[in-house]
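Peer 1: Structure incoming, see below.
Protein chains: 2
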Amino acid sequence: MIKPQLQPSQSLHESVREELRRRIAAGTYPPDVAIPSTAMLSEEFSVSSITIKRALRDLQAAGTLVSIPGKGTYVKQQKRLLRQLDVMQPSLDDTSIRSVSVTREKISDPTLGTIAPRDQVMLCVRKTIWMDDEPIMHDTTYLSPDIGNEVVDEFGERFVVDALVRHSIHVTKTHLVIDAAPATAEVEEIFGIPNGYPMLRRLYRMVTSDPGITVYGVLQAPFDRLACTVDFP
Amino acid sequence: MIKPQLQPSQSLHESVREELRRRIAAGTYPPDVAIPSTAMLSEEFSVSSITIKRALRDLQAAGTLVSIPGKGTYVKQQKRLLRQLDVMQPSLDDTSIRSVSVTREKISDPTLGTIAPRDQVMLCVRKTIWMDDEPIMHDTTYLSPDIGNEVVDEFGERFVVDALVRHSIHVTKTHLVIDAAPATAEVEEIFGIPNGYPMLRRLYRMVTSDPGITVYGVLQAPFDRLACTVDFP
DNA sequence: GAGTGGTCTAGACCACCCT
DNA sequence: GGGTGGTCTAGACCACTCC
Chain Y
1 MIKPQLQPSQ SLHESVREEL RRRIAAGTYP PDVAIPSTAM LSEEFSVSSI TIKRALRDLQ
61 AAGTLVSIPG KGTYVKQQKR LLRQLDVMQP SLDDTSIRSV SVTREKISDP TLGTIAPRDQ
121 VMLCVRKTIW MDDEPIMHDT TYLSPDIGNE VVDEFGERFV VDALVRHSIH VTKTHLVIDA
181 APATAEVEEI FGIPNGYPML RRLYRMVTSD PGITVYGVLQ APFDRLACTV DFP
Chain U
1001 MIKPQLQPSQ SLHESVREEL RRRIAAGTYP PDVAIPSTAM LSEEFSVSSI TIKRALRDLQ
1061 AAGTLVSIPG KGTYVKQQKR LLRQLDVMQP SLDDTSIRSV SVTREKISDP TLGTIAPRDQ
1121 VMLCVRKTIW MDDEPIMHDT TYLSPDIGNE VVDEFGERFV VDALVRHSIH VTKTHLVIDA
1181 APATAEVEEI FGIPNGYPML RRLYRMVTSD PGITVYGVLQ APFDRLACTV DFP
């Protein structure tokens, strides 16, 4: 057994973490194969298994590793989806939409509350966007509750905006706020990510050709899965 | 001593974390005053101090708490700066710029490498943007190394674009990629954030009126300090 | 010197997966 | 049944701050 050389500049779990990071970058631990177990790493580095677990957990939070209880810890495949920033971008061919829920509730997200009415019960449509049988985005749309039922029925199948367009209601102005925030319990479950995992979010307010209809919402994805692109002017 | 009621739906450290979150939201633990020490919380919740520390560390990662060794743990003031998405937005009056370094190096960030030349030594200007004596953003600018020295000298004082404008070189097109990524060791130190803290980033490529000059860079801030806004069309 | 958070350890138990 | 990661504990040491 070869004792690896750890950089002593920092605490033990930091040294272990950085050494593992180097190995991942070097391809020593390829994806699709479990990395050595905590017990093995503990022996190899001559540190307690607690310290190994601490390093592994930090690398999970950074999106580098993913641990599956009972199986092992794996290097995460780094594939970022690049999308237009504007929420109005037409859907990609290889994505599908699954409806999660349609409810009536008030806007609870504090940041969305800055660009949308807070204390008003609205129609709330939640859906997930999938690609290659993996969830890549989650959308929460709020709009006026007095929308015709024939439109509401279509919300499950397509984006709210697409459904509105089919009824000759189109978006005239879009206001966006981009931020990052820890995942809520709801999306943690959907994406299978650990608590507090950062989400890249686009909060939107869309004015339509129908003066009575304004659409609000949040379109979000795990930070390591998405990047948005835009051009000026 | 009143034993608090913990929701038993989850693991211990999760229950503790959520109870602390509730108290913070309710204002039980105001900012500027240290919350009870790990020893006190350990006694109050009747769990080991390790478990308390685990909960506190997760709340730190979420940007809710900040611990200062030897002093205590504090509720973080949640003040997000809202800025225009376009990097070209004029500087605010109450911000100041501090130069960090001017070097010659290749672009190392892999994401920036997708919109900029990778294997070319460039002039690299790093600076921090401060507001109320706190660092709020960090900028890394890359540009062609054969820029006149009289322009380079101004890079320390103002944004690279502002310096170029003073020499009649203005930006004609901006291409942006917005993403979120764990903080690098360099910016960890500047912002005083824990390892892997998520950063909201804007990676830019700017074409100028001078065909020989294209500007690349990364403008980033801790995810809980910044949000960007933009309007379409 | 007392109190604080940060680190590290050994040891135990559990739920889960695979064979 | 053996291996995996996840959780929890008691106990120890350190560096730091404040009085």
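Top line first, the protein sequences correspond to chains Y and U.
Heads up, the first sequence is in my numbering, so the first residue is 1 and it goes up one at a time.
Heads up, the second sequence is in my numbering, so the first residue is 1001 and it goes up one at a time.
We treat Cβ as the ideally placed atom computed from N, Cα and C, and that holds for glycine.
Among 227(Y), 165(Y), 186(Y) and 201(Y), whose alpha-carbon lies nearest the alpha-carbon of residue 210(Y)?
Peer 2: Locating residue 210(Y) in the first sequence gives position 210, where the first residue counts as 1. Looking at the Cα atoms, 165(Y) is the closest of the given residues.
Peer 1: Counting only the same chain and skipping the five closest in sequence on each side, list residues whose C-beta sits under 8 Å from that of residue 61(Y).
Peer 2: Against the first sequence, residue 61(Y) aligns to sequence position 61. Same-chain partners within the cutoff: 194, 196 and 197.
Peer 1: Please give the ranges of any beta strand (DSSP E) in the stretch 1155–1195 of chain U, keeping only runs that are unbroken, at least 3 residues long and fully inside the region.
Peer 2: Entirely contained in the stretch 1155–1195 of chain U, the beta strand (DSSP E) runs reaching 3 residues are, in chain order, 1171–1182.
Peer 1: Could you pull the DSSP bridge partners for residue 1120(U) from this structure?
Peer 2: Residue 1120(U) sits at position 120 when you count from the first residue of the second sequence. Looking at the DSSP assignment, residue 1120(U) forms no beta bridge with any residue, so it has no partner.
Peer 1: Would residue 1001(U) be called buried (16 or more neighbouring beta carbons within 10 Å of its own) or exposed?
Peer 2: Taking the first residue of the second sequence as position 1, residue 1001(U) is located at position 1. Residue placement at residue 1001(U) is poorly supported in this model, since its pLDDT is 32, which falls under 50; the coordinates still yield a value, given next. Exposed, because fewer than 16 other Cβ atoms sit within 10 Å of the Cβ of residue 1001(U).
Peer 1: Report the residue from 1213(U), 1108(U), 1180(U) and 1214(U) whose alpha carbon sits nearest the alpha carbon of residue 200(Y).
Peer 2: On the first sequence, residue 200(Y) is found 200 positions in, with the first residue counted as 1. Considering only alpha carbons, the answer is 1180(U).
Peer 1: If you measure between the beta carbons of residue 175(Y) and residue 1231(U), is that distance less than 7 Å?
Peer 2: Locating residue 175(Y) in the first sequence gives position 175, where the first residue counts as 1. Locating residue 1231(U) in the second sequence gives position 231, where the first residue counts as 1. Taking 7 Å as the Cβ cut-off, residue 175(Y) and residue 1231(U) qualify as a contacting pair.
Peer 1: Along the chain, where does the alpha helix (DSSP H) containing residue 1052(U) start, and where does it finish?
Peer 2: Taking the second sequence and counting its residues from 1, one reaches residue 1052(U) at position 52. Residue 1052(U) -> alpha helix (DSSP H) spans 1049–1061.
Peer 1: Taking only beta-carbon atoms, is residue 1139(U) less than 7 Å away from chain Y?
Peer 2: As a first step, residue 1139(U) is located in the second sequence; it is residue number 139 there, counting from the start. Not one chain Y Cβ lies under 7 Å of residue 1139(U).
Peer 1: What separation, rounded to the nearest whole angstrom, lies between the Cα atoms of residue 208(Y) and residue 1098(U)?
Peer 2: The residue you call residue 208(Y) lines up with position 208 of the first sequence. The residue you call residue 1098(U) lines up with position 98 of the second sequence. In a straight line, the C-alpha of residue 208(Y) is about 44 Å away from that of residue 1098(U).
Peer 1: With residue 98(Y) as the anchor, note down where its beta strand (DSSP E) starts and where it stops.
Peer 2: Within the first sequence, residue 98(Y) is the residue found at index 98, counting from 1. Element bounds for residue 98(Y): 95–105.
Peer 1: Taking all protein chains shown into account, do 16 or more other C-beta atoms lie within 10 angstroms of the C-beta of residue 217(Y), making it buried, or fewer, making it exposed?
Peer 2: Position 217 of the first sequence, counted from the first residue, corresponds to residue 217(Y). Classification of residue 217(Y): buried, given that the 10 Å Cβ count is 16 or more.
Peer 1: Residues of chain U with CB under 8 Å from residue 227(Y), in chain order?
Peer 2: Stepping through the first sequence from its first residue, residue 227(Y) is reached at position 227. What residue 227(Y) touches in chain U: 1111, 1177, 1178 and 1179.
Peer 1: In terms of DSSP beta bridges, what is residue 20(Y) paired with?
Peer 2: Counting from one through the first sequence, the residue named residue 20(Y) turns up at place 20. Paired residue(s): none; residue 20(Y) is not in a bridge.
Peer 1: Say whether chain U places a C-beta atom closer than 7 Å to the C-beta of residue 200(Y).
Peer 2: Locating residue 200(Y) in the first sequence gives position 200, where the first residue counts as 1. Yes, contact with chain U.
Peer 1: Given that residue 173(Y) touches chain U, what residues does it touch there, using C-beta distances under 9 Å?
Peer 2: Residue numbering aside, residue 173(Y) sits at position 173 when the first sequence is read from its first letter. Under the 9 Å cutoff, chain U gives 1231, 1232 and 1233.
Peer 1: How big is the Cα-Cα spacing for residue 1178(U) and residue 1085(U)?
Peer 2: Against the second sequence, residue 1178(U) aligns to sequence position 178. Against the second sequence, residue 1085(U) aligns to sequence position 85. One C-alpha to the other measures close to 9 Å.
Peer 1: What residues are listed by DSSP as bridge partners for residue 1232(U)?
Peer 2: Stepping through the second sequence from its first residue, residue 1232(U) is reached at position 232. DSSP, once it has assigned bridges, lists 174(Y) as partnering residue 1232(U).
Peer 1: Closer than 9 Å, Cβ to any Cβ of chain U: which residues of the stretch 53–77 of chain Y, in chain order?
Peer 2: Flagged, chain order: 58, 59, 61, 62, 63 and 64.
Peer 1: Residues of chain Y with a CB under 9 Å from the CB of residue 1159(U): which are they?
Peer 2: Indexing the second sequence from 1 puts residue 1159(U) at position 159. Correct list: empty, because the minimum Cβ distance to chain Y is about 15 Å.
Peer 1: For residue 133(Y) and chain U, any beta-carbon pair shorter than 7 Å?
Peer 2: Stepping through the first sequence from its first residue, residue 133(Y) is reached at position 133. It does not: the Cβ of residue 133(Y) has no partner Cβ on chain U nearer than 7 Å.
Peer 1: Quick one: grab the DSSP three-state call for residue 114(Y).
Peer 2: For the purposes of this step, residue 114(Y) is taken as the residue at position 114 of the first sequence. Residue 114(Y) falls in the helix class under three-state DSSP.
Peer 1: Using a C-beta to C-beta distance shorter than 8 Å, which residues of chain Y count as neighbours of residue 1219(U)?
Peer 2: Counting from one through the second sequence, the residue named residue 1219(U) turns up at place 219. Going along chain Y, no residue has its Cβ under 8 Å from residue 1219(U), so there is no contact; the nearest lies around 13 Å.
Peer 1: Three Cβ pairs or more, each shorter than 8 Å: is that satisfied between the stretch 1027–1035 of chain U and the stretch 1066–1074 of chain U?
Peer 2: With the cut-off at 8 Å, the stretch 1027–1035 of chain U and the stretch 1066–1074 of chain U touch.
Peer 1: At least one CB of chain Y closer than 7 Å to the CB of residue 1119(U): is that the case?
Peer 2: Here the question's residue 1119(U) lines up with position 119 in the second sequence. So no, residue 1119(U) is outside the interface.
Peer 1: Need the endpoints of the alpha helix (DSSP H) that residue 221(Y) sits in, please.
Peer 2: Taking the first sequence and counting its residues from 1, one reaches residue 221(Y) at position 221. Careful: residue 221(Y) lies outside any alpha helix (DSSP H), inside the beta strand (DSSP E) at 214–222.
Peer 1: Compute the beta-carbon to beta-carbon distance between residue 1142(U) and residue 1107(U), rounded to the nearest angstrom, for a pair I have assumed lies under 8 Å.
Peer 2: The residue you call residue 1142(U) lines up with position 142 of the second sequence. The residue you call residue 1107(U) lines up with position 107 of the second sequence. Yes, they are in contact, since the Cβ atoms of residue 1142(U) and residue 1107(U) sit about 6 Å apart, within 8 Å.
Peer 1: Determine whether the beta carbon atoms of residue 1129(U) and residue 1081(U) lie at a separation below 7 Å.
Peer 2: Within the second sequence, the letter at position 129 stands for residue 1129(U). Within the second sequence, the letter at position 81 stands for residue 1081(U). Contact flag unset, no.
Peer 1: Spatial neighbours of residue 1054(U) within its chain, please: CB distance less than 7 Å, with the 5 preceding and 5 following residues excluded, ordered by chain position.
Peer 2: In the second sequence, residue 1054(U) corresponds to position 54, counting from 1. Closer than 7 Å at the Cβ level, and outside the excluded window around residue 1054(U), lie 1013.
Peer 1: Counting only beta-carbon separations shorter than 7 Å, does residue 196(Y) have a partner in chain U?
Peer 2: Position 196 of the first sequence, counted from the start, is the residue given in the question as residue 196(Y). For residue 196(Y), the answer is yes, since a Cβ of chain U falls inside 7 Å of its Cβ.
Peer 1: Is residue 109(Y) closer than 7 Å to residue 219(Y) when the C-beta atoms are compared?
Peer 2: Looking up residue 219(Y) in the first sequence gives position 219. Looking up residue 109(Y) in the first sequence gives position 109. Contact flag unset, no.
Peer 1: Excluding the five sequence neighbours on either side, which residues of its own chain have a C-beta within less than 8 Å of the C-beta of residue 215(Y), listed in chain order?
Peer 2: Walking along the first sequence from the start, residue 215(Y) turns up at place 215. 141, 142, 143, 160, 161, 164, 171, 204, 205, 206 and 208.
Peer 1: Only counting the same chain, and skipping five residues up and downstream in sequence, which positions put a Cβ closer than 8 Å to that of residue 1132(U)?
Peer 2: Here residue 1132(U) refers to the residue found at position 132 when the second sequence is read from its first residue. Once the five neighbours on either side are set aside, the close Cβ partners of residue 1132(U) are 1094.
Peer 1: Can you give me the C-alpha to C-alpha distance between residue 103(Y) and residue 186(Y), rounded to a whole angstrom?
Peer 2: Mapped onto the first sequence, residue 103(Y) falls at position 103. Mapped onto the first sequence, residue 186(Y) falls at position 186. C-alpha separation (whole angstroms): 15 Å.
Peer 1: For a test of the three-state rule: what should DSSP assign to residue 1026(U), helix, strand or coil?
Peer 2: Counting from one through the second sequence, the residue named residue 1026(U) turns up at place 26. Helix at residue 1026(U).
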